[in-house]
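Below is one structure, written out as structure tokens; comments come after it.
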Amino acid sequence: MDVLRIEGVSKNFGGVTALVDFFMVQHENEITGIIGPNGAGKTTVFNLINGVYPLDNGRIFFINQDITESPAHKRAEMGISRTFQNIRLFKNLNVLDNMKVACGWKVRYSLWEEMIRLPRPQREEKEIDEKARYFLEYLNLTQYANQRPDNLPYGIQRRLELARTLMAEPKLLLLDEPAAGLNPKEVVSLMEMIKKLQQDYNLTIIIVEHHMELIMKICSLIHVLDFGKKIAVGKPEEIKRNESVLQAYLGDGA
Amino acid sequence: MFYLKVLEITSLYTILVLGVYLMTGLTGLFSLGQGGFVSIGAYTAAIAFMKLNLPFPVALMMAVVMGAVLGFLIGIPTLRLRRDYFLLVTFCLGEMVRAALLYLAQLTGGALGMAGMPRKVGLPLILISIVFITFILYSLKRSRFGRDCIAVRDDELAASMMGINVFAHKMKVFIISSAITAYGGALYAFNILFIEPNLFNWLESGRLIIITFVGGLNSIAGVIITSAIYYSFGEFFRFIDVWRDVLLALVVILVVIFRPGGLFQGLELLPQKLLSRTERK
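Chains A and B, in that order, are what the protein sequence lines are. The letter at position 211 of the first sequence is residue 211 when you use our numbering, and the numbering goes up by one with no holes. All you need for our numbering is the position in the second sequence, starting with 1, plus 254.
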């Protein structure tokens, strides 16, 4: 089944072309990578998928539903979850609350019940609390539960962002440079973590990354972007040998 | 008698501060028009009672509803704006309310204001209101609604990626805040017994915001304490009236530099916590 289908999407920022006529089909339970030099439009693809800004042309389908016009929060509710290139945790909430925020839209109690503390909100809050603690435990973050994210090491913050995406029980996970700023040891454990997540929760994952080793090892399909255009798509071995990809990365002399 | 009066005034302002706390403190929405909502509440209640001869509780309810409805109407065009523009637009709206009250002299008495309300609001009602509002705000703060508020304040984009409808959330916050503020205004009208359009201008709105900041963005207790100190201080030291704001400015500067999270940071005085502390001793 196709989880995501992007059909002929373009995006310009003023005079700058960020993405031109981009097509992409994402199958269920697969890990796909998007690579390309800086400014190639990789993050733009993510921002269009989860609705950070509107696109100029084309359509996006998520599980056979046209989400081109859906607002960002609706897409999150439908099951698209993401991490950010420059970590975006809520710095005034502790780790546990950061987790809880991600599934706030799931609660069934109303504002009024919440105001006067009826039993239902309390019961659901307890469930959310357990769920948050479960996922913290799952990614070995339990010891940080009551800390502010600002005080945590970079690698832990990245892992927390990953844990937070799981709270909404997403179908599609978008990881924007998950290995950025991690040391080699942390990258290895990140790779294992992503694979584990994918298997444990039947996730479909798209990764934007500069870290080639990570991309080549865990992705089954790779899209290569350059200056907003897709220049290649294929299995890791094919991409490694692709002429135009090498050219884009290393220049004409290569 | 004097102390009682001071306590009443202080408590009245504390209600206003609580209204502002939810939107400015928790959600990071700066409005320089909250003074307008105080006036709206005060005038709605006064007009309902004096001109329409409605019973006092109904007049109070009308003030709250009016605050909420106007909050909703004003929120539709303004809450999608960037925060700095929101600040400017609410500033204008607040001043518009003031101008409108001056202009609609037949209904509001214009610059002469309205007087002659019976004293329906005493200290007990004000204090009960504070307790009730604090309870509601605290309930909201510690569950989903409060988390969403802080998430929206910290990072709107990330918040929307978490499934929060940022606009709708701000709207709820603005409505609740405006309703509380209007309620405070209605109590004011029936306690001070005299209202005029210039009572709550944008400076007053700004003061409410500043107190929220000094008290602590994440602390309802801190905000209440700061508000109590500020407004009672003002009554006791009338003779150095001008210096009150100089002192406040000094405190604000010191707080912003040395305690950016506010005097009380995230402290909350909860009955459970206080009890458990004494038990341990």
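All residues carry an ideal CB built from backbone N, CA and C; glycine is no exception.
- Within the region 24-58 of chain A, the complete beta strand (DSSP E) runs of at least 3 residues fall at 31-35.
- Nearest to B/Tyr437 by alpha-carbon distance, out of B/Ile463, B/Ile380, B/Leu447 and B/Leu453, is B/Ile380.
- Taking 8 Å as the upper bound for CB-CB distance, A/Ser10 and A/Gly58 are in contact here, some 6 Å apart.
- In this structure, B/Lys424 sits near B/Val406, with a CB-CB distance shorter than 8 Å.
- Closer than 8 Å to the CB of A/Trp105 there is at least one CB belonging to chain B.
- Interface annotation, A/Arg82: in contact with chain B, CB-CB separation under 8 Å.
- Listed along chain B are Asp408, Asp409, Leu411, Ala412 and Met415, each with a C-beta nearer than 9 Å to that of A/Arg88.
- Listed by position along chain A, the residues whose Cβ is nearer than 7 Å to that of B/Asn419 are His73.
- Collapsing the DSSP output to three states places B/His423 in a helix.
- A Cβ-Cβ separation of about 37 Å leaves B/Pro451 out of contact with B/Arg513 under the 8 Å criterion.
- Between B/Ile464 and chain A, the shortest Cβ-Cβ separation is not below 8 Å.
- When only Cα atoms are considered, B/Ile479 and B/Thr264 end up about 10 Å apart.
- Taking the Cα of B/Leu327 as reference, the smallest distance to any Cα among B/Val385, B/Phe428, B/Gly439 and B/Asn455 is reached at B/Phe428.
- Taking the Cβ atoms as the reference, A/Ile80 lies roughly 7 Å from A/Phe62, within the contact range of under 8 Å.
- Per DSSP, the continuous beta strand (DSSP E) segment holding A/Phe13 begins and ends at Asp2 to Phe13.
- C-alpha of A/His210 to C-alpha of A/Asn38: approximately 9 Å in a straight line.
- Closest option to B/Ile387, judged by alpha-carbon separation, among B/Leu270, B/Ser397, B/Asn419 and B/Met315: B/Leu270.
- The Cβ atoms of A/Arg148 and A/Thr142 do not sit closer than 8 Å to each other.
- Using a CB distance below 7 Å, the part of the region 159-188 of chain A facing chain B consists of Ala168, ordered along the chain.
- For A/Gly36, the closest of A/Ile222, A/Glu237 and A/Lys235 by C-alpha to C-alpha distance is A/Ile222.
- About 13 Å separates the beta carbon of A/Leu162 from that of A/Val187, a gap too long to meet the 8 Å contact definition.
- Close to A/Glu77, with beta-carbon spacing below 7 Å, are these residues of chain B in chain order: Gly417.
- Within the same chain, Cβ atoms closer than 7 Å to the Cβ of B/Ile418 are found at Asp402, Ala405 and Val406, the five residues on either side in sequence being excluded.
- Between B/Ile449 and B/Ala443, the gap from beta carbon to beta carbon is short of 8 Å.
- Against B/Arg401, the close residues of chain A are Leu93, Asp97, Lys100, Val101 and Gly104, in the order they occur along the chain (beta-carbon pairs closer than 7 Å).
- Residue burial annotation: A/Pro178 is buried, with at least 16 other C-beta atoms found within 10 angstroms of its C-beta.
- If only complete runs of 3 or more residues are kept, the region 68-116 of chain A shows the beta strand (DSSP E) at 80-82, in order along the chain.
- DSSP places A/Ala145 outside both helix and strand once states are collapsed to three, so it counts as coil.
- Residue-level contact check: B/Ile404 touches chain A, since one or more beta carbons of chain A fall below 8 Å from its beta carbon.
- Taking 8 Å as the cut-off, the Cβ atoms of B/Leu377 and B/Glu262 count as close.
- Out of B/Cys346, B/Ala365, B/Phe421 and B/Ile434, the CA that lies nearest to the CA of B/Ser383 is found in B/Ile434.
- Put simply, the backbone Cα of B/Ile474 is about 17 Å away from that of A/Ile116.
- Minimum Cα-Cα distance from A/Thr83 among the listed residues A/Ile206, A/Ile31 and A/Thr17 corresponds to A/Ile206.
- A residue is called buried when at least 16 other Cβ atoms come within 10 angstroms of its Cβ; A/Asp97 meets this threshold and is buried.
- Between the region 116-126 of chain A and the region 39-55 of chain A, the count of Cβ pairs shorter than 8 Å is below three; the stretches do not touch.
- For A/Asp200, the enclosing alpha helix (DSSP H) starts and ends at Pro184 to Tyr201.
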